[in-house]
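Enquirer: First the structure, then my questions, so here it is.
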Amino acid sequence: MIQQLHIPSNPALSQVVNFMTYAELTKEDIVDGWTAIFPNATTNMMFSLDDDILVNQTSTVNSVYTSCRSTVFFKPYLGMKFMTIQFSSYGLSYLKKIPAHELLDTLSHLDLIFSASEIDRITTRLKESKSITDKFAILEMFIGKKIGLPEVDPRLPYALQFLNSEHSISIDALSQSLCISNRGLQKLFKKHIGMSPAYYRKIIRFNKAVQLLSNNSENSLTQISYACGYFDQAHFIEDFREFGGVSPSEFLRYKAKGSDFYNYRITELDTLGVLNH
């Protein structure tokens, strides 16, 4: 796989975009089955530079998956080329003035965000550009013009920093530190992130557990459960199934090795019923 990651150089854009990627599957890659990407409460925008891409059994060329809280599945094929933009958890709300909770866990065509002519123009430019570096510059300029100078509510990055940190903090304590009521914090998250602070933290905890399980698979599930702040192993497994579509033991069996692009690969989606969990 040819894969490159780009961090926006535009300071305004970097407030709402985590990174951009370019990916291309080559003859060395395994393209059978489906690849699974775990949710992390971000919004991801995809521009196909080749044929349609099958995402969650829906054929799409250019798509946006908003406020992700469930696993996304791609059907890879030889020569597959695409670029993605990962927005911060609140990034899309500053690009598209729609309350984030209205787009929660939604897979849509990019015409939800841009006009058809804009989509055609940017995808043509991306395809015609020979250099990956130039592709990133083109995409960054396009999104940068669309988003302008976002006036990000400073309470959002502050709150996410706390919820992503290793330090345990109650939602009430977080509200107090932001000088906002608990209800006000809930409304802030619902508008810009699409979910409650507690649910966001739940997804972050799941991702930490995935990382720990991947890097220390010899550790018991009980050890990992307590290390990540779960009440017990049963709650850990329940969360894993909710967000990952599989159990921890199934994940260890299916997980991909040697790629940061996806979390695991399965032969057929029907074997697990992962789209109906």
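Sequential numbering from 13 applies to the sequence shown in the numbering used here.
Beta carbons: idealized from backbone N, C-alpha and C, even for Gly.
Computed from a prediction, not measured in an experiment: that's the story for all the values here.
Would you say ILE236 touches the ligand GDP, meaning its beta carbon is less than 7 Å from a heavy atom?
Expert: For the structure depicted, the ligand GDP is absent and the ligand set is empty, with no information on it obtainable.
Enquirer: Under 8 Å between the Cβ atoms of ALA112 and LYS203?
Expert: yes
Enquirer: Is there a C-beta anywhere in chain D that falls below 8 Å from the one on LEU161?
Expert: Of the protein chains in the structure, only one exists, and it is not chain D.
Enquirer: Measuring alpha carbon to alpha carbon, tell me which residue in SER21, SER237, CYS240 and LEU116 is nearest SER208.
Expert: LEU116
Enquirer: Here's a check: name, in chain order, each residue in its chain whose Cβ is nearer than 7 Å to the Cβ of SER226, leaving out the five neighbours to either side.
Expert: LYS267
Enquirer: Residues bridged to ASN56 by DSSP?
Expert: TYR77 and GLN98
Enquirer: Name the DSSP beta bridge partners of MET32, please?
Expert: HIS18 and ILE97
Enquirer: For a quick check, are the C-beta atoms of ILE97 and MET57 less than 8 Å apart?
Expert: Going by beta carbons, ILE97 and MET57 fall inside the 8 Å limit.
Enquirer: When the Cα of GLN223 is compared with those of ALA210, ALA239, TYR211 and TYR212, which residue comes out closest?
Expert: ALA239
Enquirer: Is VAL73 near SER120, with beta carbons less than 8 Å apart?
Expert: no
Enquirer: Could you check what DSSP says for ALA185 in three-state terms: helix, strand or coil?
Expert: helix
Enquirer: Counting pairs of beta carbons, one from the region 77–90 and one from the region 245–264, are three or more of them closer than 8 Å?
Expert: yes
Enquirer: Any chance you could list the alpha helix (DSSP H) runs of at least 4 consecutive residues sitting entirely within the region 129–162, in chain order?
Expert: 144–159
Enquirer: If you count every other CB in all the chains shown that lies within 10 Å of the CB of MET32, and 16 or more means buried, which is it?
Expert: buried
Enquirer: Can you have a look at GLN27 and say buried or exposed, based on whether 16 or more other CB atoms are within 10 angstroms of its CB?
Expert: buried
Enquirer: Kindly indicate which three-state DSSP category LEU355 falls into: helix, strand or coil?
Expert: Past the edges of the chain, shown from 13 to 289, lies residue 355, and the structure says nothing about it.
Enquirer: Figure out for me which residue from ASP165, TYR242, ASP62 and GLY103 has the closest Cα to the Cα of GLY156.
Expert: Measuring C-alpha to C-alpha distances from GLY156 to each of ASP165, TYR242, ASP62 and GLY103 identifies GLY103 as the nearest.
Enquirer: Hey, would you say LEU66 sits closer than 8 Å to PHE94, going by beta carbons?
Expert: no
Enquirer: Roughly how many angstroms lie between the CA atoms of ALA149 and LYS142, to the nearest whole one?
Expert: 12 Å
Enquirer: So, with DSSP's three-state summary, where would you put THR234?
Expert: Here THR234 sits in helix by DSSP.
Enquirer: By DSSP's criteria, THR70 is part of a beta bridge. Which residues make up the other side?
Expert: Looking at the DSSP assignment, THR70 forms a beta bridge with VAL67.
Enquirer: Just list the residues that DSSP pairs THR47 with in beta bridges.
Expert: PHE86 and ARG277
Enquirer: Once DSSP output is grouped into helix, strand and coil, what is the label at LYS214?
Expert: helix
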